[in-house]
Amino acid sequence: MDPYEKFKYTRVGVSNVIYNEAGKVLTGIRLGSHGSVSRFTGTLQFPGGHIEKGETTFSCARRETKEETGLDVLVDSMLFHPLPRDPSQLRAPPLVSLAAPGAAGPPEYLPLRLDVVARPWEARIVAATNDDFPAEGKHYITLFVRSVLADEAAVPVVLEKEKCSGWKWRSWKEIRDFEGELFAPLVALLRQFGENHEVFKKPDREKDVLL
Numbered sequence: 001m002d003p004y005e006k007f008k009y010t011r012v013g014v015s016n017v018i019y020n021e022a023g024k025v026l027t028g029i030r031l032g033s034h035g036s037v038s039r040f041t042g043t044l045q046f047p048g049g050h051i052e053k054g055e056t057t058f059s060c061a062r063r064e065t066k067e068e069t070g071l072d073v074l075v076d077s078m079l080f081h082p083l084p085r086d087p088s089q090l091r092a093p094p095l096v097s098l099a100a101p102g103a104a105g106p107p108e109y110l111p112l113r114l115d116v117v118a119r120p121w122e123a124r125i126v127a128a129t130n131d132d133f134p135a136e137g138k139h140y141i142t143l144f145v146r147s148v149l150a151d152e153a154a155v156p157v158v159l160e161k162e163k164c165s166g167w168k169w170r171s172w173k174e175i176r177d178f179e180g181e182l183f184a185p186l187v188a189l190l191r192q193f194g195e196n197h198e199v200f201k202k203p204d205r206e207k208d209v210l211l
C-alpha cells in the first residue's frame, strides 16, 4: 500500500525557535510520531506542532509552547495598522499591511475584514521548509517563528513525556555539532538558510514587535 494513502494531504506545522537571555534556543529529543524512529534515542527538535482549525500561526506557537514546556513566550510578530476600539469610527475599510516592520520598499496593503480578523497582528514567519517523511507517508510544510521568554527566569518543563524526553538550551553551534540526529525540518532549515539569516538571531526586545 502507498504509505501516503493514509495521509493524503499536506499538513502545516509551526516550529517555535525560543531564545533565552544568553541567546541559546530551546531544543528537545522527540519521542513518538514521525521523526522519533532513529538509531539514537530520537531526533532533536524545537517546540511546536500542528496549526489547528481556525488558529493563527501566532496562537499556535504560543499554545504549543505552553502545552509542551509550560513557558509563556513573546512571539516576534507583524503589527498591522492599529484599529479603533469602536468599529463605527471607521470611515472606510481599514487596510492591513503585508510588510514586516522596517521592511524596505513601498508597503502593500489589503482590505481588512473585521468579521474575520480579531486582532491586528500575526507571528512573523522567518523561515519555511518543505518536509517529506516517506517512511510514515507524511508531508509537511513547517513554518518557523522566533520568540523570547516572557519571564527570563522561567524554566522549561516536560509536560508531554510521551512526546519529548527533555528540554535543553543549546547554541546554534551545539545544534550543528549535535552527535545525534536532527528532526527533518531542522535539517532543512540549516541546509537552506545561511548563518546570517534572521532565524538564527535572537529577537531584539527594543526593536522587534514582541507580543
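Under full-length UniProt numbering, the sequence shown has 180 at position 180, and the numbering climbs by one with no breaks. Don't be surprised by glycine CBs; every beta carbon is placed ideally from N, CA and C. Fair warning: this is a prediction, and the values are worked out from it, not measured in the lab.
Cβ-based neighbour list, residue i, same chain, cut-off 6 Å, excluding 5 preceding and 5 following
i	result
residue 165	29, 31
residue 126	144, 146, 198, 199
residue 53	none
residue 123	57, 58, 61, 75, 77, 145
residue 160	68
Three-state secondary structure (DSSP) of residue i
i	result
residue 173	helix
residue 191	helix
residue 21	coil
residue 127	strand
residue 10	coil
residue 181	strand
residue 30	strand
residue 71	coil
residue 163	coil
residue 64	helix
residue 198	helix
residue 210	strand
residue 16	strand
Extent of the continuous alpha helix (DSSP H) run through residue i
i	result
residue 56	Element bounds for residue 56: n/a, residue is neither H nor E.
Terminal residues of the beta strand (DSSP E) in which residue i lies
i	result
residue 142	138-149
residue 49	48-50
residue 44	43-45
Same chain only: Cβ atoms within 7 Å of residue i, ignoring 5 sequence neighbours per side
i	result
residue 188	129, 131
residue 157	69, 70
Spatial distance of residue i from residue j (CA atoms)
i	j	result
residue 58	residue 25	18 Å
residue 60	residue 135	26 Å
residue 196	residue 62	25 Å
residue 50	residue 206	30 Å
residue 210	residue 181	31 Å
residue 45	residue 70	17 Å
residue 152	residue 18	11 Å
residue 66	residue 173	26 Å
residue 204	residue 23	11 Å
residue 155	residue 14	21 Å
residue 73	residue 55	17 Å
residue 191	residue 167	23 Å
residue 27	residue 150	18 Å
Residue environment, residue i, which counts as buried when at least 16 other CB atoms sit within 10 Å
i	result
residue 171	exposed
residue 208	buried
residue 202	buried
residue 219	This structure does not reach residue 219, given that the chain is present from 1 up to 211, and the question cannot be answered.
residue 21	exposed
residue 179	exposed
residue 48	buried
residue 42	buried
residue 148	buried
Residue i CB to nearest heavy atom of the ligand ADP below 7 Å
i	result
residue 22	With respect to the ligand ADP, the structure shown offers nothing to examine, as it has no ligands at all.
Cβ shell of residue i (< 8 Å), same chain only, five flanking positions each side left out
i	result
residue 10	139, 140, 141
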